[in-house]
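Take 44 as the starting number for the sequence shown in the working numbering and just add one per residue.
See below for the structure under consideration.
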Amino acid sequence: MKVTSAQAAKIMRKYDDEMRGILEIEGQSNSFVASVGEDIESVRPVYDYTGTQAKLVELEDKIRVIKHALNVFNSTYVVAGLGITIDQILVLMPQLSRRRDKLREMKSVLPKARVEHMRNTSNIIDYRYANYDIAAVEKDYDEICDRLAKLQTALDTVNNTVEFDLDI
């Protein structure tokens, strides 16, 4: 079947939810407590070990197939207009985000700021000076924000429109 990355993620989420449900039921039914003298069979919960394990393995297999197909798609599909693959975008975006965060701090400093000392016993006042061009930092910050927005928009478009084969 043909799916988009967004559809594949939703299918995986459905399988993950199904697995969690099975595991919760298994946790409640794979053992039980009975009082001495109580008819054990009357309080024994329904539990099929073999069937439960087979269903979990089946869901794990489906999730693995989806993740593999998604990884292959992400590592081979070159995003139009950007000239890089999705997996490269997924590495680039956190790198740019870290740089953006650093630049946000750098652009927010005063060119000259008084340094406060907890126990200043001297009459000497210290100042911290920005040792860079704050305007250049602001320009770089704006460019990175724009590039991140462009990458995210391109990724959203691909995730919701480009289909790949999924055999589950």
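Backbone N, C-alpha and C fix where the C-beta goes; we use that ideal spot for every residue, glycine too.
- Distance from the CA of LYS193 to the CA of GLU101, rounded to the nearest whole angstrom, comes to 39 Å.
- A distance of 7 Å or more separates the beta carbons of ILE187 and ARG141.
- The beta carbons of TYR90 and SER72 sit closer together than 7 Å.
- Comparing alpha carbon positions, the residue from ALA156, ILE168 and THR47 closest to LYS110 is THR47.
- A Cβ-Cβ separation of about 16 Å leaves LYS155 out of contact with VAL180 under the 8 Å criterion.
- In this structure, ILE132 and LEU198 form a Cβ contact; the two beta carbons are roughly 6 Å apart against a cut-off of 8 Å.
- DSSP, reduced to helix, strand and coil, places ALA156 within a strand of the structure shown.
- Put simply, of THR93, ILE106, LYS45 and PHE75 the residue whose alpha carbon is nearest the alpha carbon of LYS57 is ILE106.
- A direct Cα-Cα distance of roughly 37 Å separates GLU159 from MET136.
- Rounded to whole angstroms, the gap between the alpha carbons of ALA97 and GLY70 is 16 Å.
- Our two residues, ILE83 and THR93, have alpha carbons roughly 21 Å apart in a direct line.
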